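Asks:
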Amino acid sequence: MARESNLTAGEGRLGSERPPVAWVRRIGRAGLAVTRHIGRAGVLFGATMLALLHPRDHVRETFRQAKAIGIDSLPLVLLVATLSGSILAQQSGYQFTDLPLWIVGNAVAAGMLTELAPLLSAIIMAGRVGAGIGAELGTMKVTDQLDALRTLGRDPVGELIMPRVVAGAIMMIPIVILANIAGIWSGWITGMAMLDMSTHDYVYGVRNYYHSAALIFSLVKGVFFGITITFIGCYVGLQAEGGAAGVGRTARNTVVAIIVALMVLDVVLAPLYKAVG
Amino acid sequence: MIQIRGLRKNLNDKWVLDGLDLDIHEGMSLVIMGPSGTGKSVLLKHIVGLFDPDEGELLVEGMSVPKANGRQIREIRSQISYVFQNAALFDSLTAGQNIQLGLTPDECRKYDAHLDPRVIEAVEHVNLDSDVLRLLPAELSGGMQKRVAIARAIVGRQKYILYDEPTTGLDPVNANVINRLIARLQGEIGATSVIVTHDVESAFYLGDRIVLMFDGRVQAQGTPTELRESPDPIVQEFLHPKLT
Ligand SMILES: Nc1ncnc2c1ncn2[C@@H]1O[C@H](COP(=O)(O)OP(=O)(O)O)[C@@H](O)[C@H]1O
Ligand SMILES: [Mg+2]
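Residue numbers (the numbering used here), protein chains in the order written: chain A, 13 to 289; chain B, 11 to 254.
1. Out of B:T233, B:F224, B:I205, B:G226, which has the shortest C-alpha to C-alpha gap to D218 of chain B?
2. Any idea if T202 of chain A is buried or exposed, counting beta-carbon neighbours within 10 angstroms, 16 or more meaning buried?
3. Helix, strand or coil, according to DSSP, for N20 of chain B in the structure here?
4. Is it buried or exposed for T47 of chain A, if we count other Cβ within 10 angstroms and need 16 for buried?
5. Rounded C-beta distance between K19 of chain B and F61 of chain B? I'm assuming under 8 angstroms.
6. Among the candidates A:E253, A:N118, A:W200, A:D213, whose CA atom is the shortest distance from the CA of H223 of chain A?
7. Grouping DSSP H, G and I as helix and E and B as strand, with all else coil, what is M11 of chain B?
8. Taking the C-alpha atoms as reference points, what is the distance between I135 of chain A and M174 of chain A?
9. By how many angstroms is the C-alpha of M184 of chain A removed from the C-alpha of V36 of chain A?
10. Hey, quick one: how far does the alpha helix (DSSP H) through L53 of chain B stretch, first residue to last?
11. If we cut at 8 angstroms on Cβ distances, does Q157 of chain A have a partner in chain B?
12. Regarding K79 of chain A and ligand 2, is the C-beta to nearest heavy atom distance less than 7 angstroms?
13. Counting only beta-carbon atoms, is P63 of chain B nearer than 8 angstroms to chain A?
14. How about N261 of chain B: is its C-beta nearer than 8 angstroms to some C-beta of chain A?
15. Is any non-hydrogen atom of ligand 2 found closer than 7 angstroms to the C-beta of S51 of chain B, if you look at the structure I gave you?
16. Counting only C-beta atoms, is L88 of chain A closer than 8 angstroms to chain B at any point?
17. Going by beta-carbon coordinates alone, are I57 of chain B and T202 of chain B separated by less than 8 angstroms?
18. What are the boundary residues of the alpha helix (DSSP H) that includes E239 of chain B?
19. Quick test of your reading: V267 of chain A and G150 of chain A, contact by CB under 8 angstroms. State the CB separation rounded to the nearest angstrom.
20. Leaving out five residues before and five after V272 of chain A in sequence, what residues of the same chain have Cβ atoms less than 7 angstroms from its Cβ?
21. M124 of chain A and N192 of chain A: beta carbons closer than 8 angstroms?
22. Can you list, in chain order, the residues of its chain with a C-beta nearer than 8 angstroms to that of A63 of chain A? Leave out the 5 residues immediately preceding and following it.
23. Could you give the first and the last residue of the continuous beta strand (DSSP E) run that contains Q231 of chain B?
24. Can you list, in chain order, the residues of the stretch 63-79 of chain B whose Cβ is nearer than 9 angstroms to any Cβ on chain A?
25. Which residues bound the alpha helix (DSSP H) around V188 of chain A?
26. Compute the minimum distance between the beta carbon of Q251 of chain A and the heavy atoms of ligand 2, and state whether it is under 7 angstroms.
27. Please return the same chain residues whose Cβ sits closer than 6 angstroms to the Cβ of L207 of chain A, not counting the five positions on each side in sequence.
28. Please report whether the beta-carbon of G164 of chain A lies at a distance below 8 angstroms from any beta-carbon of chain B.
29. With 16 as the cutoff for other CB atoms within 10 Å, does D126 of chain B come out buried or exposed?
30. Contact criterion: CB-CB distance below 8 angstroms. Does V58 of chain B meet it with respect to chain A?
31. For the candidate residues A:H49, A:R30, A:G165, A:T109, whose alpha-carbon lies nearest to that of G80 of chain B?
32. Quick check on the DSSP output: the beta strand (DSSP E) that includes S91 of chain B runs from which residue to which?
33. Short check: CB of S98 of chain A to CB of V188 of chain A, under 8 angstroms?
34. Go ahead and pull the three-state DSSP assignment for R219 of chain B.
35. Mind checking whether V52 of chain B and A213 of chain B have CB atoms under 8 angstroms apart?
36. Could you name the residues of chain A that G47 of chain B contacts, counting a contact when the two beta carbons are closer than 9 angstroms?
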């Protein structure tokens, strides 16, 4: 409390300080806020993991959430995966003119499996599923529903957060598999139609790249992303304050926080692929 | 019995509760009055452990709420039900499922929420038709939502019921319905009620004992008659506000 009020007291002087000092102060304050959020989120994540010890009470809610997540995101995920497969096929076909055409199959499979299928699906889900969870829990927070749940002797972590996180982790597996299939399929159609490539070339290219470690990496990434999206949605939702306007802010903050976290996670996970692949 | 001693709570650099002492005896109906923003809701939230005090002690049936661990806080909450100011029904659940949440998880598993005899009894207690059980909160009027929230609070037969401004935001007719309901339930269920209100008329209608909160402290308390005859100018100003 005391530390916080010192920091806000400093705000009044910001204008009179020379820019470097003000910037350092601002960066320092942002750094503190981020650190505080990471700490609190860590505690909440621990509680979520503990709630996994009593899964029996929450099976139904987890299924309900899984269904909602799948229905919410699948159509858009498939559309975007189809388009990205087509883009990959065209770009690789046009750029690698010196190489044999089967390289198209190789490039599409590599691009979809390692990056595009998990990452683009996750970014779409940040907008649909993550923002939805943030707004839903935010509304529950500002209308006292979370407090009501506590007074009724229920644990919001077990009732609300754990089922969403588990559903997000599980649903990412079929979603990423379907996104891969859609992208690789549309790469094939595009190559046939625009690049004068044969099915045999394409299949050869895909098989040339494909190894099961790549698929496993794609799915592991998807599961990590699914946990990130749903958990951050819950965490930011719980911070909501101040009525409808607060909930609107929360939904926006959720998407930003999730996308930053996804990109950071993507960078962190890349060496893992090199290690196993 | 609920005993509160020297309770202090700082929120946003302001002492919202500032040395509050209060005893709530069993079987009584206690009304807490006071202007908006004096910390009435914050006080109720301390009783069920939704807030931790900065100083002071709060005992429910001899158990300290601030010092309670997870199991103890569940034990304390199992004896208290709370009617939130804006009903706080879960929007994704039907009225019946909302009411059933007032029972323990094991009790919930026994029946479908819409056929549970205890849920049906509770909804009849608050003068609602059992058809309402299958409706979502969004399909109910404000007064009906309040009554569903009260049904959720009485279904588990808790010893204490805390009502936070049960009539605020309702038209006078619905407000009267709720007040009469609270008075009737008090007789039928025999729970200890704590009712927060800033409506003087409701306070004198419902309270066996009335507490006037002011600036995070108990300014005055007593029976309705004692309060009416209090020489304290703050009490008189609150009971008979002058419009000049
Ligand atoms: N969660 C909270 N965080 C910060 N301040 C709060 C919180 N809840 C209430 N307050 C502040 O505490 C004071 C008393 O609020 P409250 O108990 O709701 O008043 P009332 O007597 O009208 O019920 C108000 O100034 C309010 O702004
Ligand atoms: Mg209040």
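Glycine residues also receive a C-beta, built at the ideal position from the N, C-alpha and C atoms. Since the structure is predicted, the reported quantities are computational estimates derived from the model, not experimental observations.
Replies: According to the structure shown:
1. Mapped onto the second sequence, residue 218 of chain B falls at position 208. It is B:T233 whose Cα lies nearest to the Cα of D218 of chain B.
2. Locating residue 202 of chain A in the first sequence gives position 190, where the first residue counts as 1. With 16 or more other Cβ atoms within 10 Å, it is buried.
3. Position 10 of the second sequence, counted from the start, is the residue given in the question as residue 20 of chain B. In this structure, N20 of chain B counts as strand in the three-state DSSP scheme.
4. Taking the first sequence and counting its residues from 1, the one referred to as residue 47 of chain A is at position 35. Exposed.
5. By 1-based counting over the second sequence, the position of residue 19 of chain B is 9. By 1-based counting over the second sequence, the position of residue 61 of chain B is 51. Yes, K19 of chain B and F61 of chain B are in contact; Cβ-Cβ is about 6 angstroms, under 8 angstroms.
6. Counting from 1 along the first sequence, the entry for residue 223 of chain A is found at position 211. When only C-alpha atoms are compared, the closest one is A:N118.
7. As a first step, residue 11 of chain B is located in the second sequence; it is residue number 1 there, counting from the start. Residue state, collapsed to three classes: coil.
8. Numbered from 1 along the first sequence, position 123 holds the residue referred to as residue 135 of chain A. Numbered from 1 along the first sequence, position 162 holds the residue referred to as residue 174 of chain A. Cα-Cα distance, rounded: 21 angstroms.
9. Start at 1 with the first residue of the first sequence, and residue 36 of chain A comes out as number 24. Start at 1 with the first residue of the first sequence, and residue 184 of chain A comes out as number 172. Rounded to whole angstroms, V36 of chain A to M184 of chain A spans 40 angstroms at the Cα level.
10. Counted from its first residue, the second sequence places residue 53 of chain B at position 43. Run containing L53 of chain B: 50-57, per the alpha helix (DSSP H) assignment.
11. The residue labelled residue 157 of chain A in the question sits at position 145 within the first sequence. True, the Cβ-Cβ gap to chain B drops below 8 angstroms.
12. For this step, residue 79 of chain A is matched to residue 67 along the first sequence. Flag unset: Cβ of K79 of chain A not near ligand 2.
13. Indexing the second sequence from 1 puts residue 63 of chain B at position 53. False, the Cβ-Cβ gap to chain A never drops below 8 angstroms.
14. Chain B is shown only over 11 to 254; residue 261 of chain B falls outside these bounds and no answer can be derived.
15. In the second sequence, the residue the question calls residue 51 of chain B occupies position 41. Checking the Cβ of S51 of chain B against ligand 2 gives yes.
16. Mapped onto the first sequence, residue 88 of chain A falls at position 76. No, L88 of chain A lies away from the interface with chain B (no Cβ there is under 8 angstroms from its Cβ).
17. The count along the second sequence starts at 1 and reaches residue 57 of chain B at position 47. The count along the second sequence starts at 1 and reaches residue 202 of chain B at position 192. Cβ atoms of I57 of chain B and T202 of chain B: not closer than 8 angstroms.
18. Position 229 of the second sequence, counted from the start, is the residue given in the question as residue 239 of chain B. No alpha helix (DSSP H) contains E239 of chain B, which DSSP labels as neither H nor E.
19. Counted from its first residue, the first sequence places residue 267 of chain A at position 255. Counted from its first residue, the first sequence places residue 150 of chain A at position 138. Not quite, the Cβ-Cβ distance comes to about 13 angstroms (not below 8 angstroms), so this is no contact.
20. On the first sequence, position 260 is the one that residue 272 of chain A refers to. Excluding residues within five positions, none has a Cβ falling inside 7 angstroms.
21. Within the first sequence, numbered from 1, the residue matching residue 124 of chain A stands at position 112. Within the first sequence, numbered from 1, the residue matching residue 192 of chain A stands at position 180. In this structure, N192 of chain A lies closer than 8 angstroms to M124 of chain A by Cβ.
22. As a first step, residue 63 of chain A must be located in the first sequence, where it is residue number 51. Closer than 8 angstroms at Cβ, skipping near neighbours: H70, D167, V169, G170, I173, M174.
23. Looking up residue 231 of chain B in the second sequence gives position 221. First-last of the beta strand (DSSP E) with Q231 of chain B: 227-232.
24. none
25. By one-based count along the first sequence, residue 188 of chain A stands at place 176. Counting along the chain, the alpha helix (DSSP H) containing V188 of chain A begins and ends at 174-206.
26. Along the first sequence, read from residue 1 onward, the residue named residue 251 of chain A stands at position 239. Not so, every heavy atom of ligand 2 lies at least 7 angstroms from the Cβ.
27. For the purposes of this step, residue 207 of chain A is identified with residue 195 of the first sequence, where counting begins at 1. G105.
28. Taking the first sequence and counting its residues from 1, one reaches residue 164 of chain A at position 152. Note that residue 164 of chain A is Leu in the sequence shown, not Gly. Yes, L164 of chain A lies at the interface with chain B (some Cβ there is under 8 angstroms from its Cβ).
29. Here residue 126 of chain B corresponds to residue number 116 of the second sequence, with the count starting at 1. Its Cβ being crowded by 16 or more others within 10 Å, D126 of chain B is buried.
30. One-based indexing of the second sequence puts residue 58 of chain B at position 48. True, the Cβ-Cβ gap to chain A drops below 8 angstroms.
31. The sequence position of residue 80 of chain B within the second sequence is 70, counting from 1. Closest by alpha carbon: A:G165.
32. Within the second sequence, numbered from 1, the residue matching residue 91 of chain B stands at position 81. Looking at the DSSP string, the run of the beta strand (DSSP E) that includes S91 of chain B is 90-93.
33. For the purposes of this step, residue 98 of chain A is identified with residue 86 of the first sequence, where counting begins at 1. For the purposes of this step, residue 188 of chain A is identified with residue 176 of the first sequence, where counting begins at 1. It is not a contact, given that the beta carbons lie outside the stated cut-off.
34. The sequence position of residue 219 of chain B within the second sequence is 209, counting from 1. Strand, per DSSP.
35. What you label residue 52 of chain B is simply residue 42 of the second sequence in a count that begins at 1. What you label residue 213 of chain B is simply residue 203 of the second sequence in a count that begins at 1. Not a contact, by the Cβ cut-off of 8 angstroms.
36. Taking the first residue of the second sequence as position 1, residue 47 of chain B is located at position 37. Neighbours of G47 of chain B on chain A: none; closest Cβ ~16 angstroms, over 9 angstroms.
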